[in-house]
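Colleague:
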Amino acid sequence: MTSPSGMSFPEGMVILVAPGFDVESSQFVVAKMADTNEATFKQFIWDSGRAFLKPLNPSFPTVEMDGEWVLVGRVVDAKWPRSAL
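The sequence shown lines up with residues 1060 to 1144 when you count with this note's numbering.
1. Between which two residues does the beta strand (DSSP E) holding Phe1103 run?
2. Report all residues from its chain with a CB closer than 6 angstroms to the CB of Gln1086; omit the five preceding and five following residues, and keep chain order.
3. Rounding to the nearest angstrom, what Cα-Cα distance links Trp1139 and Pro1069 in this structure?
4. Within this structure, are the beta carbons of Leu1115 and Val1088 separated by less than 9 angstroms?
5. Per the DSSP calculation, Trp1128 is bridged to which residue(s)?
6. Should Leu1075 be labelled buried (16 or more other beta-carbon atoms within 10 Å of its own) or exposed?
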């Protein structure tokens, strides 16, 4: 997940996702739709009592989390794999 400016997670970077952690606004999460196994990696935003999944790339839409979304976990670390060094 990349951004034209600021924080980015370039392709090939490994993220460590921890389930069961409390999630606060502006933290990065992995979420999935309850009826699929496809996951998405986004920034969690809490605004006026509503939850959103915001991509870093402004070319993609921010998605409001409704009852169909499940938070898999919070991103707790990101590193380049040893093979990339």
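Glycine is no exception: its CB is placed at the ideal position from the N, C-alpha and C atoms.
Modeller: By the coordinates alone:
1. It spans Ala1098 to Asp1106 - the beta strand (DSSP E) in which Phe1103 sits, taken as one unbroken run.
2. The beta carbon of Gln1086 lies closer than 6 angstroms to those of Phe1103 and Arg1133 in the same chain, with the five residues before and after it left out.
3. 9 angstroms
4. no
5. Met1092
6. exposed
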